[in-house]
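**Q**
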Amino acid sequence: MEHTTLPMSELTACLKVIGDPTRFLMLKLVEKKTYCVCEFVEMLGISQPAVSQHLRKLKDLGILTEEKREQWRYFTLNTTSTYFPVVRDLLQYSDDQDERYLQALEREGLASC
Numbered sequence: 001m002e003h004t005t006l007p008m009s010e011l012t013a014c015l016k017v018i019g020d021p022t023r024f025l026m027l028k029l030v031e032k033k034t035y036c037v038c039e040f041v042e043m044l045g046i047s048q049p050a051v052s053q054h055l056r057k058l059k060d061l062g063i064l065t066e067e068k069r070e071q072w073r074y075f076t077l078n079t080t081s082t083y084f085p086v087v088r089d090l091l092q093y094s095d096d097q098d099e100r101y102l103q104a105l106e107r108e109g110l111a112s113c
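Numbered by full-length UniProt numbering, the letters in the sequence shown go through residues 1 to 113 in order.
1. Checking 8 Å against the spacing of the C-beta atoms, do residue 87 and residue 27 come in under that value?
2. For the alpha helix (DSSP H) containing residue 107, name the first residue and the last one.
3. For residue 22, collect the residues of the same chain with a Cβ closer than 6 Å to its Cβ; drop the 5 residues on either side in sequence, then sort them by chain order.
4. Tell me, which residues are paired with residue 116 by DSSP?
5. Between 93, 74, 96 and 57, which lies nearest to residue 20 when the distance is taken from Cα to Cα?
6. Considering only DSSP beta bridges, list what residue 35 is partnered with.
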């Protein structure tokens with residue numbers, strides 16, 4: 001299978017951003033569904049400014065796309081990103097039974113956006 005190679009500096013910068021446990025969990029969540037900021041706040045149990053900061057880093061990397069719907073911002077994986085193959089491959093190794101992931105899914109739908 002042919003794949004794009006990346007300079008080590010770019011690859012390590014990507015890994016630094018996605019290596020944060022909260023950001024990696026966010027990527028795992030948006031792997032299957034689009035979420036808005038308020039949903040992440042409820043699902044992750046962290047403040048809106050913290051969620052926005054994590055999302056900004058992922059968006060700046062180019063691995064998330066943002067769509068505005070009225071006053072809400074929704075995020076999904078950017079499958080055209082240079083880093084998408086790296087993220088996709090790493091997500092395949094993540095455990096769908098991870099406690100933090102399951103807890104986040106249990107809180108899905110609690111946000112009133």
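Yeah, the Cβ is synthetic: ideal placement off N, Cα and C, and Gly gets one too.
**A** Quick answer:
1. The answer is yes: Cβ separation under 8 Å.
2. Counted as a single uninterrupted DSSP element, the stretch harbouring residue 107 is not any alpha helix (DSSP H), since DSSP gives it neither H nor E.
3. Beyond the five residues adjoining it in sequence on each side, residue 22 comes within less than 6 Å, by CB distance, of 54 in the same chain, given in chain order.
4. Nothing can be reported for residue 116, as the shown portion of the chain is limited to 1 through 113.
5. The candidate whose alpha carbon is nearest that of residue 20 is 57.
6. Residue 35 is bridged to 75.
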